[in-house]
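In our numbering, the protein residues as written are 1462 to 1714. Virtual Cβ for every residue (Gly too), placed ideally from N, Cα, C. Here the structure is a predicted model, which is why all the values come from computation and not from measurement. Here's the structure we're looking at; comments come further down.
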């Protein structure tokens, strides 16, 4: 097996990139690379979220002890509630009219050991997904937000999927140049750094680049001697006269 340092199955190796995406610009602000069999929750305990952060995650991070730790640390979360979660309703809240919110409840977790793991009162929000008719159930420890805002916050989690899709399509990390731990990690970190630089170039450009077009044209112009900022704003302008940028003479002994 090539990735013997990252055993996943008998004949396969795998690595996992645990990434925190900042809502401001949808850019990564924290990352950890582990073997593929490391559970997401184990890494989540290590992430130093500052108080006041709103963490949006999927059901893979459902861990009542983790929820209790975040709540005690002043960190908020919004996630999907597991279908088999047991709870009792402490209070029913009024839901907004003409919205897709079906229920807004303050709950206490029950079930075997659940209340001991997370003794805090939580909030359960049911929302109707209008395009499919599916009922989505959200769980949060934030009691100050509107129910519609809770649903809207979770919807932003889709940006994580879009980020990974863009990373894989444009920066080619589905296959690796080397198979050692160092080689794989270098390739992943390099791709993430490149993504940050590309997003910055999009930000400073007046042209309105899509990420895929920017990557494609940068590859075509890697050995073109042009001012990068000028090229970003006018990529199809005629290149400058080479004499404008004279090269230094080389001297050989």
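According to DSSP, is residue 1494 part of a helix, a strand, or is it coil?
strand
Among 1545, 1512 and 1688, which has the Cα closest to the Cα of residue 1538?
1512
What residues in its chain sit with their C-beta under 7 Å from that of residue 1711, if we drop five residues either side in the sequence?
none
Is it right to say residue 1689 is buried, meaning 16 or more other beta carbons lie within 10 angstroms of its own, or is it exposed?
exposed
Hey, how far is the Cα of residue 1655 from the Cα of residue 1523?
32 Å
Could you tell me the boundaries of the alpha helix (DSSP H) in which residue 1689 lies?
1689-1694
For residue 1646 and residue 1624, what's the separation of their Cα atoms in angstroms?
18 Å
Simplified DSSP state of residue 1637, which is helix, strand or coil:
coil
Please classify residue 1485 as buried or exposed, where buried requires at least 16 neighbouring CB atoms within 10 angstroms.
exposed
To the nearest angstrom, how far is it from the Cα of residue 1504 to the Cα of residue 1530?
14 Å
With C-beta atoms as the reference, is residue 1568 less than 7 Å away from residue 1583?
yes
Thinking just about the alpha-carbon of each residue, which of 1603, 1597, 1520 and 1554 is nearest to the one in residue 1533?
1603
Reducing DSSP to helix, strand and coil, say where residue 1599 ends up.
strand
Given residue 1615, which residues of its chain have a CB within under 8 Å of its CB, disregarding the five upstream and five downstream residues?
1517, 1539, 1540, 1541, 1597 and 1599
Throw me the rounded Cβ distance for the residue 1549 and residue 1571 pair, which I believe falls under 8 Å.
5 Å
Over what stretch of residues does the beta strand (DSSP E) that includes residue 1515 continue unbroken?
1515-1517
Considering only residues of the same chain and omitting the five flanking positions on each side of residue 1635, which have a CB-CB separation below 7 Å?
1629
Would you list, in sequence order, the uninterrupted alpha helix (DSSP H) runs of no fewer than 4 residues that lie entirely inside the region 1505-1584?
1525-1533 and 1575-1578
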